[in-house]
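Since the structure comes first, as structure tokens, the remarks are kept for the end.
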Amino acid sequence: MDIRVHAHPFDYGAECAAFGAGRQDIGAIVTFCGIVRGQDQGQLPQMEIEHYPGMTERALQKIAAEAQTRWALSDCLIIHRYGPLAPGEKIMMVATAAAHRADAFAAAEFLMDYLKSRAPFWKKESRADGSDWVAAKASDEAALTRW
Amino acid sequence: MDIRVHAHPFDYGAECAAFGAGRQDIGAIVTFCGIVRGQDQGQLPQMEIEHYPGMTERALQKIAAEAQTRWALSDCLIIHRYGPLAPGEKIMMVATAAAHRADAFAAAEFLMDYLKSRAPFWKKESRADGSDWVAAKASDEAALTRW
Amino acid sequence: MTLEILYFAWLRERIGLPRETVQTNAATVADLVAELCAREERYALAFSDLSALRVAVDQDLTEFDAPLAGAREVAFFPPMTGG
Amino acid sequence: MTLEILYFAWLRERIGLPRETVQTNAATVADLVAELCAREERYALAFSDLSALRVAVDQDLTEFDAPLAGAREVAFFPPMTGG
Chain A
1 MDIRVHAHPF
11 DYGAECAAFG
21 AGRQDIGAIV
31 TFCGIVRGQD
41 QGQLPQMEIE
51 HYPGMTERAL
61 QKIAAEAQTR
71 WALSDCLIIH
81 RYGPLAPGEK
91 IMMVATAAAH
101 RADAFAAAEF
111 LMDYLKSRAP
121 FWKKESRADG
131 SDWVAAKASD
141 EAALTRW
Chain B
148 MDIRVHAHPF
158 DYGAECAAFG
168 AGRQDIGAIV
178 TFCGIVRGQD
188 QGQLPQMEIE
198 HYPGMTERAL
208 QKIAAEAQTR
218 WALSDCLIIH
228 RYGPLAPGEK
238 IMMVATAAAH
248 RADAFAAAEF
258 LMDYLKSRAP
268 FWKKESRADG
278 SDWVAAKASD
288 EAALTRW
Chain C
295 MTLEILYFAW
305 LRERIGLPRE
315 TVQTNAATVA
325 DLVAELCARE
335 ERYALAFSDL
345 SALRVAVDQD
355 LTEFDAPLAG
365 AREVAFFPPM
375 TGG
Chain D
378 MTLEILYFAW
388 LRERIGLPRE
398 TVQTNAATVA
408 DLVAELCARE
418 ERYALAFSDL
428 SALRVAVDQD
438 LTEFDAPLAG
448 AREVAFFPPM
458 TGG
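Written out as structure tokens, the structure is:
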């Protein structure tokens, strides 16, 4: 279990290549990567992510530990950035490894659903006409009920 | 949409790094990677994958096209190897890109479920005591009913 | 008509060849299977349980009652196990 | 007791500071919020809709009726939007 929260970029390809390398018990790996989208042609939004140092790591540890009790995982990884991010930049990733694909998929979706609504990150988007905190979606909160 | 079927290895990390690179409409990428598991301590199984050249590519194209009609995908990638594979080697991968994570996750699971049971690949495992064709699982066929 | 017939995985091993060309007037896949089974014991054994087999006509999965009119290639194989 | 209070995102902006240390005898989070709101208009405005806010006591998410006995750090913030 590897959890990292930092401002600097991470190398998604290198993380995917390294995750689970050399293990013989892994039959399935699922990764998710969240990326800053560009919006509104011609306007290049900037994103700033605020977080709660200390609680963030604690919350992610709890979510990952819960995933490991629910599914037979060989390994799991969460990386999340904070600070300023430009369109096209990778915000975060999760990776899960298991003997079978159903466990790897379910755990990755679970990690994402809980990370979205239970880990203390907040996104602020800036455009030419001002900046706004991204509103939480009711659908994200609702997604938790399926677990 | 990028579909590749070949005997030689692929570079999972490099494929993940390249997938969707430079696109501004992608907010979420999901990848799945299938790996040859080792089994039965001390016995190192070998795997051989047979396929149906021509139909394989055709079947994968149909599955990917169906995924693109069902979900708002920015891109999708399927790579599948055939021939001999050793434990720890990567057998195949899929990747899906979308604006939102729900589409990327659903499409990746759909691609995997259909690829498992509808693309003409057959696995044969060899151990010290002989070799056997891997039997299809009823759970894999059953997984199709959810779509 | 002339049909190219392909066998994969354990079906290929049991029949002992990966492909063959046959002349047939079979109207459906099932008719073709019956013709093959009548030829030699190894075909009859290999095709003894059709529920354990799948068939593709011209590289599209289909059913054993599918018609063969216009077909050029028929493939028989066990359930797939890719991924 | 002495409590460290933290504010994040738009709550931090509305209150105008990221953290402060308060002396309080509040029994619950809700009591603490009432004390803060009584202090200054900007607190009352920021905390006017508790359904739009979340609270963590000692870095664990909890409810507004949670007791504060033994707590050292209380954080208020809007619903999270990570990932």
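First to last, the sequence lines map onto chains A, B, C and D.
Residues 1 to 147 in our numbering are what the first sequence spells out, letter by letter.
Residues 148 to 294 in our numbering are what the second sequence spells out, letter by letter.
Residues 295 to 377 in our numbering are what the third sequence spells out, letter by letter.
Residues 378 to 460 in our numbering are what the fourth sequence spells out, letter by letter.
Every residue, glycine too, gets a C-beta built ideally from N, C-alpha and C.
As the structure is a computational prediction, the values presented were derived from the model and not from experiment.
> Which partner residues does R298 of chain B have in the DSSP bridge list?
Replying inline: Not covered by the structure: residue 298 of chain B. The range shown for chain B is 148 to 294.
> Where does F110 of chain A fall in DSSP's three states?
Replying inline: helix
>> Please give the ranges of any alpha helix (DSSP H) in the region 383-416 of chain D, keeping only runs that are unbroken, at least 4 residues long and fully inside the region.
In response: 386-392 and 406-416
>> Which of the three DSSP states is assigned to D132 of chain A in this structure?
In response: strand
> Is the region 87-106 of chain A touching the region 13-32 of chain A in the sense that three or more CB pairs, one from each, lie closer than 8 Å?
Replying inline: yes
>> By alpha-carbon positions, which one of B:I173, B:G185 and B:P192 ends up nearest to V36 of chain A?
In response: B:I173
> Under a three-way DSSP split, which group does T243 of chain B fall into?
Replying inline: strand
> So what does DSSP say about D2 of chain A, is it helix, strand or coil?
Replying inline: strand
> Beta-carbon of I210 of chain B versus every beta-carbon of chain A: anything under 8 Å?
Replying inline: no
>> Checking 8 Å against the spacing of the C-beta atoms, do A452 of chain D and V406 of chain D come in under that value?
In response: no
> Are the Cβ atoms of R321 of chain D and R449 of chain D separated by less than 8 Å?
Replying inline: The question about residue 321 of chain D has no answer, for chain D in this structure spans 378 to 460.
> When the cut-off is 8 Å and only beta carbons count, does T458 of chain D lie next to chain A?
Replying inline: yes
> So is F454 of chain D in contact with chain A if we call contact Cβ pairs under 8 Å?
Replying inline: yes
>> Below 8 Å on the Cβ atoms is my contact criterion, and I expect R329 of chain C with T318 of chain C to pass it. Report the Cβ-Cβ distance as a whole number of Å.
In response: According to the sequence displayed, residue 329 of chain C carries Glu and not Arg. Contact holds; Cβ gap of about 6 Å.
> If we cut at 8 Å on Cβ distances, does E197 of chain B have a partner in chain C?
Replying inline: yes
>> Mapping the DSSP letters down to three states, classify T356 of chain C as helix, strand or coil.
In response: strand
> Can you name the start and end residues of the beta strand (DSSP E) that M47 of chain A belongs to?
Replying inline: Q46 to H51
> Of all the residues that make up the region 424-455 of chain D, which are near chain A by a beta-carbon distance shorter than 7 Å?
Replying inline: A433, Q436, L438, A452, F454 and P455
> What's the call for T216 of chain B, buried or exposed, on a 16-neighbour Cβ count within 10 Å?
Replying inline: exposed
>> Between A:S131, A:D2 and A:A59, which has its C-alpha nearest G459 of chain D's C-alpha?
In response: A:A59
>> Bridge partners for D75 of chain A per DSSP, in chain order?
In response: A:A97
>> Need the endpoints of the alpha helix (DSSP H) that R205 of chain B sits in, please.
In response: M202 to R217
>> Please list the terminal residues of the continuous beta strand (DSSP E) segment that includes R263 of chain C.
In response: With chain C covering only 295 through 377, there is no way to say anything about residue 263 of chain C.
> Going straight from the alpha carbon of D132 of chain A to that of S428 of chain D, what length do you get?
Replying inline: 19 Å
> Cβ atoms of M55 of chain A and A423 of chain D: under 8 Å apart, would you say?
Replying inline: no
>> In the DSSP output, which residue or residues are listed as bridge partners for G230 of chain B?
In response: B:I196
> Given a threshold of 16 other Cβ atoms within 10 Å of its Cβ, counted over all protein chains shown, does E197 of chain B qualify as buried or as exposed?
Replying inline: buried
>> Considering only their Cβ atoms, is the gap separating G169 of chain B from Q24 of chain A smaller than 8 Å?
In response: no
> Applying a beta-carbon distance threshold of less than 9 Å, which residues of chain D neighbour G54 of chain A?
Replying inline: Q436 and E450
> Roughly how many angstroms separate the alpha carbons of I218 of chain B and G167 of chain B, rounded to a whole number?
Replying inline: In the sequence as presented, Ile is not what sits at residue 218 of chain B; that position holds Trp. When rounded, the distance between both Cα atoms is 17 Å.
> When the Cα atoms are used, what is the spatial distance from A254 of chain B to A119 of chain A?
Replying inline: 26 Å
>> At the 8 Å Cβ level, is A411 of chain D part of the contact set with chain A, yes or no?
In response: no
> Quick one: which chain A residues come within Cβ less than 9 Å of A407 of chain D?
Replying inline: Within 9 Å Cβ-Cβ: nothing; A407 of chain D doesn't reach chain A, min ~20 Å.
> Leaving out the 5 sequence neighbours to the left and right, which residues in its chain are closer than 8 Å to G235 of chain B when beta-carbon positions are compared?
Replying inline: I182, V183 and G185
> Does the distance from the C-beta atom of A320 of chain C to that of F371 of chain C stay below 8 Å?
Replying inline: no
>> Going by DSSP in three states, F371 of chain C sits in which element: helix, strand or coil?
In response: strand
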